[in-house]
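Structure first, then comments.
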Amino acid sequence: MSEESPDLVIDNLKNIQAKILVSQEKHFQTMGKNQSVELIAVSKRQSENRINAALAAGVRVFGENRVQEAQNRWVHRRAVHPDLTLHLIGPLQTNKVSDAVALFDVIQVVDRVKLAKALANEMASQSRQIEYYIQVNTGEELQKSGIAPKEADKFISYCRDDLKLNVTGLMCIPPLSEEPSMHFALLQTIANRNEIVKLSMGMSDDFEEAIAFGASAVRVGSAIFGTREP
Ligand SMILES: *Cc1c(COP(=O)(O)O)cnc(C)c1O
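First residue of the sequence shown? That's 0 in numbering that gives the first Met the number 0, and the numbers climb one at a time after it.
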């Protein structure tokens, strides 16, 4: 695996942050209530050196897709950086709910009744207030997590009103083979209809397009850190 030098991570970061600012200014009218776009640095399967470089550059918001990997990477770093914000962006099994609620500040992958119920129970027992995003499978792909778009309204109100989960956002991962903009537009429509303000959409290849459709947070990994370990 090629080792990215800390300098390269810093250059990449500056570049992405500048592009976010440009897109933000260009699209501020469509951004509605989201006056600025949050950059979530996706640190999954990245080396310690690269992560330390991002921390040294002031990055405090990170995304991870596996609970155990995130624990190994972040529990000790939290002690040094109490101002970290950690987002879970990968599928969550119900047997990992307790660890996930203990570690993450935002769980972006709420997508089924069983998981939502387990999160509500866990929240009560840990008395920890975190934010939840509903993941919507905008491409209706069989292999992908997320609630189907036509089930979304009902599921959002179930999580919010019946389970009292603190639902603040929606998240989607468009199909690889399709133009992402229609998926971003669909997520924005569902959010508006349900008065949800935060939209997590856009990755290394399409974050500028996501901002044009009202993203409040973009999840960027390889464009900051370089290629991931297998
Ligand atoms: C890995 C991952 C990302 C980051 O992908 P890049 O293409 O490296 O920016 C974003 N979102 C999710 C859900 C991911 O799993």
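Backbone N, C-alpha and C fix where the C-beta goes; we use that ideal spot for every residue, glycine too.
- Inclusion of Val-41 in the 8 Å shell around ligand 1 follows from its C-beta lying nearer than that to a non-hydrogen atom of the ligand.
- Ile-189 is positioned such that its CB atom lies no closer than 9 Å to that of Ile-15.
- Leu-198 and Pro-179 have their C-alpha atoms spaced approximately 14 Å apart.
- A distance criterion of 8 Å places the beta-carbon of Val-219 in contact range of ligand 1, judged by its closest non-hydrogen atom.
- Annotated as distal: Ile-19 and Ala-52, with beta-carbon spacing of 9 Å or more.
- Listed in chain order, the non-local C-beta contacts of Lys-95 below 6 Å within the same chain comprise Val-66, local neighbours out to five positions each way being set aside.
- If you look at Leu-114, you'll find it in the alpha helix (DSSP H) that goes 112-125.
- Distances between the C-beta of Asn-64 and the heavy atoms of ligand 1 include at least one below 8 Å.
- Not one heavy atom of ligand 1 is found less than 8 Å from the C-beta of Met-181.
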